[in-house]
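Taking UniProt numbering, the leading residue of the sequence shown gets 1, the next gets one more, and so forth.
Every residue, glycine too, gets a C-beta built ideally from N, C-alpha and C.
First up is the structure itself, then whatever we jot down about it.
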Amino acid sequence: MSSHDPGGIGAGAEHGEPFRATETSFDKQPREAEMPGGGVDEPVSVDVADVHPSLADPTVVAQMVAAKRDVRAQVGEPLLQMQDVTLKFGGLTALDSVTFDIRRGEILGLIGPNGAGKTTCFNALTGVYRPTSGEVLFDGASLGKRKRHQITQMGIARTFQNIRLFNEMTALENVVVGTDARHRTSVPGALFRSRRHRHEEREGMDRAMALLEFVGVGGRATDKARNLSYGDQRRLEIARALATEPKLLCLDEPAAGFNPAEKESLMDLIRQIRDDGYTVLLIEHDMRLVRGVTDRIVVLEFGRVIADGTPEQVTTDPAVIAAYLGVPDDAIA
Ligand SMILES: Nc1ncnc2c1ncn2[C@@H]1O[C@H](COP(=O)(O)OP(=O)(O)OP(=O)(O)O)[C@@H](O)[C@H]1O
Numbered sequence: 001m002s003s004h005d006p007g008g009i010g011a012g013a014e015h016g017e018p019f020r021a022t023e024t025s026f027d028k029q030p031r032e033a034e035m036p037g038g039g040v041d042e043p044v045s046v047d048v049a050d051v052h053p054s055l056a057d058p059t060v061v062a063q064m065v066a067a068k069r070d071v072r073a074q075v076g077e078p079l080l081q082m083q084d085v086t087l088k089f090g091g092l093t094a095l096d097s098v099t100f101d102i103r104r105g106e107i108l109g110l111i112g113p114n115g116a117g118k119t120t121c122f123n124a125l126t127g128v129y130r131p132t133s134g135e136v137l138f139d140g141a142s143l144g145k146r147k148r149h150q151i152t153q154m155g156i157a158r159t160f161q162n163i164r165l166f167n168e169m170t171a172l173e174n175v176v177v178g179t180d181a182r183h184r185t186s187v188p189g190a191l192f193r194s195r196r197h198r199h200e201e202r203e204g205m206d207r208a209m210a211l212l213e214f215v216g217v218g219g220r221a222t223d224k225a226r227n228l229s230y231g232d233q234r235r236l237e238i239a240r241a242l243a244t245e246p247k248l249l250c251l252d253e254p255a256a257g258f259n260p261a262e263k264e265s266l267m268d269l270i271r272q273i274r275d276d277g278y279t280v281l282l283i284e285h286d287m288r289l290v291r292g293v294t295d296r297i298v299v300l301e302f303g304r305v306i307a308d309g310t311p312e313q314v315t316t317d318p319a320v321i322a323a324y325l326g327v328p329d330d331a332i333a
């Protein structure tokens with residue numbers, strides 16, 4: 001990650017400890033523009049006691065977390081297409097005619113040396129930067145000049161290498177914020193707390209709790225985000241991104257700072273997310289993790305795609321070895 005990056009429930013749920021948070025400090029919170037998909041504009045109020053008790057049942061959790069069925073329909077077909085995308089910062093070409101697909105239902109790894117353009121790629125496909133030329137197509141439509149919150153609504157969510165949470169809000173509230181991206185209530189409906197609004201709020205809270213459980217942080221629902229361990233904060237970010245009901249989940253170095261055991265369990269979570277019907281784009285430097293979890297890998301070097309294939313094809317490609325991987329293990333005497 002470069003310094004230029006601009007953004008930057010198992011049975012353990014504590015249903016027995018109701019609380020009500022009516023005032024939420026937004027001091028030191030990420031700015032709206034830094035939130036995935038545009039963030040929030042009002043504090044949320046949640047009551048864990050409202051959460052449906054059946055969320056203690058893992059089957060119910062799995063059903064609530066799973067991507068919408070239609071996402072599974074065209075597995076293998078392109079979901080996102082980077083078409084000849086060039087992105088320049090003044091005289092520097094960060095992406096140079098980059099073309100690749102992300103296919104429905106896969107985990108695609110995006111790798112390359114420092115400064116190769118991986119984060120810029122993420123930023124181009126989440127609407128942070130507009131390509132100088134070329135096009136990003138998502139689900140058949142051009143991202144064009146859409147704003148970040150519109151891109152979130154289209155179905156692209158991301159996490160950040162430098163964790164960005166609402167630190168003074170609880171874990172549950174952080175995820176409820178993500179579910180807001182799907183709310184359809186009008187402003188008057190929300191102001192006057194229409195039936196639809198209350199229904200959406202309730203649904204959002206249930207789903208947020210299910211997502212916390214799914215990522216393994218259900219037991220910390222009522223704790224402030226800042227009091228969670230580093231690893232749990234990373235999982236919380238993933239839950240918040242999934243709360244926006246994305247078709248594509250983009251993870252930017254989700255294992256940074258993890259020990260080997262935490263990496264193993266993160267790989268399990270990422271596979272489970274894919275198996276639940278989501279498509280995943282993963283930037284990661286740890287090649288063991290990348291090899292272990294991805295279905296395909298795209299390699300960037302100096303803003304250009306130098307390889308695109310299965311983990312086996314890419315990791316044995318001489319150009320990739322020369323640019324990024326170095327001498328293969330079996331060549332070391
Ligand atoms: N906002 C910006 N303004 C100017 N140059 C930028 C900006 N963002 C990125 N760059 C430059 O674009 C190139 C690609 O950077 P990018 O952060 O995308 O690389 P990366 O592959 O993500 O690297 P890392 O692995 O270190 O995170 C680098 O030369 C970087 O300095």
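In the structure shown, residue 318 adopts helical secondary structure according to DSSP, grouped into three states. Residue 212 sits in a helix when the DSSP states are folded into three classes. Separation of residue 242 and residue 254 (C-alpha to C-alpha, rounded to the nearest whole angstrom) is 14 angstroms.
In the DSSP annotation of this structure, the continuous segment of the beta strand (DSSP E) that includes residue 99 starts and ends at 92-103.
Assigned with DSSP and collapsed to three states, residue 170 falls in strand. Rounded to the nearest whole angstrom, the C-alpha separation of residue 209 and residue 215 is 10 angstroms.
DSSP links residue 250 through a beta bridge to 158 and 281. For residue 304, the three-state secondary structure derived from DSSP is strand. The criterion of a C-beta distance shorter than 7 angstroms is satisfied by residue 279 and residue 105. Taking the CA atoms as reference points, residue 251 sits about 16 angstroms from residue 79. Within the DSSP bridge table, the entry for residue 152 names no partner. An exposed status is given to residue 75, since fewer than 16 other beta-carbon atoms sit within 10 Å of its beta-carbon.
With distances taken between CA atoms, residue 120 lies nearest to 304 out of 205, 276 and 304. When Cβ pairs closer than 8 angstroms are counted between the two stretches, the region 217-234 is seen to touch the region 158-172, the count reaching three or more.
For residue 111, the enclosing beta strand (DSSP E) starts and ends at 107-111. Per DSSP, the continuous beta strand (DSSP E) segment holding residue 135 begins and ends at 133-138. Under the three-state reduction of DSSP output, residue 224 falls in the strand class.
With fewer than 16 other Cβ atoms from the protein chains shown falling within 10 Å of its own Cβ, residue 230 counts as exposed. Taking residue 310 as the centre and dropping the five residues before and after it, the same chain places the C-beta of 296 closer than 7 angstroms to its C-beta, in chain order. Put simply, the backbone Cα of residue 123 is about 30 angstroms away from that of residue 62.
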